[in-house]
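Novice: Could you have a look at this structure, given as structure tokens, before my questions?
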Amino acid sequence: TQSAKLYTKKVNGQVVDRGVAFPVCISVNDIVCNHSPLPNEERPALKAGDIVKMDLGCHIDGYIAVAAHTCVVPESPDTPPTLEDAQVTGNVAVAAYNAMLVAAATIAAGKKNTDVTKAVEWAAQAYGV
């Protein structure tokens, strides 16, 4: 099959690393990303209104690709998201996007990590997240 050819492909006669690039993880609410709890860590059950990010990375032909999806836990599986849920998710998404733009614009020779952190905090505070 086509996927088998891709997965077993060699470059210059060498097998190229493939597989999971980062831990597959689910981050809830204030956990930023890439949180992979240990088996002995207590994990609270998800509840309505929790903001959940599912993160997956893969490694093919020496390249890493990461994808994530964020959602709000509804009251029940059959309950559609409310307008308030959409607004919260929208604010967080817009804040994250603008924080990324601010961070990218702040990164420059001679700048410190704290300069970027302060700029990102400013963007988050502007959106109340």
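Just so we're aligned, residue 2 is where the sequence shown starts under our numbering, counting upward by one.
C-beta atoms are modelled at their ideal positions from N, C-alpha and C, and glycine is treated no differently.
Can you find at least 3 beta carbon pairs, one from the stretch 25 to 33 and one from the stretch 44 to 53, that sit closer than 8 angstroms?
Specialist: Cβ pair count under 8 angstroms is three or more, so yes.
Novice: Determine whether the beta carbon atoms of Val130 and Asn99 lie at a separation below 8 angstroms.
Specialist: What you label residue 130 is simply residue 129 of the sequence shown in a count that begins at 1. What you label residue 99 is simply residue 98 of the sequence shown in a count that begins at 1. No, the Cβ-Cβ distance between Val130 and Asn99 is not below 8 angstroms.
Novice: What residues are listed by DSSP as bridge partners for Ala66?
Specialist: In the sequence shown, residue 66 corresponds to position 65, counting from 1. DSSP output for Ala66 lists Cys59 as bridge partner(s).
Novice: Drop a sphere of 10 angstroms on the beta-carbon of Ala105, count the other beta-carbons inside from all chains shown, and report buried for 16 or more, exposed for fewer.
Specialist: Start at 1 with the first residue of the sequence shown, and residue 105 comes out as number 104. So Ala105 ends up on the exposed side.
Novice: Taking the continuous beta strand (DSSP E) assigned at Val29, which residues delimit it?
Specialist: By one-based count along the sequence shown, residue 29 stands at place 28. First-last of the beta strand (DSSP E) with Val29: 26 to 29.
Novice: With Val95 and Val121 assumed to form a contact (beta carbons below 8 angstroms), what rounded beta-carbon distance in angstroms separates them?
Specialist: Locating residue 95 in the sequence shown gives position 94, counting from the first residue. Locating residue 121 in the sequence shown gives position 120, counting from the first residue. With a Cβ gap of about 14 angstroms, Val95 and Val121 do not count as contacting.
Novice: Please classify Ala131 as buried or exposed, where buried requires at least 16 other C-beta atoms within 10 Å of its C-beta.
Specialist: With the chain covering only 2 through 130, there is no way to say anything about residue 131.
Novice: Sort out for me which residues DSSP pairs Lys54 with in a bridge.
Specialist: As a first step, residue 54 is located in the sequence shown; it is residue number 53 there, counting from the start. Ser28, Thr71.
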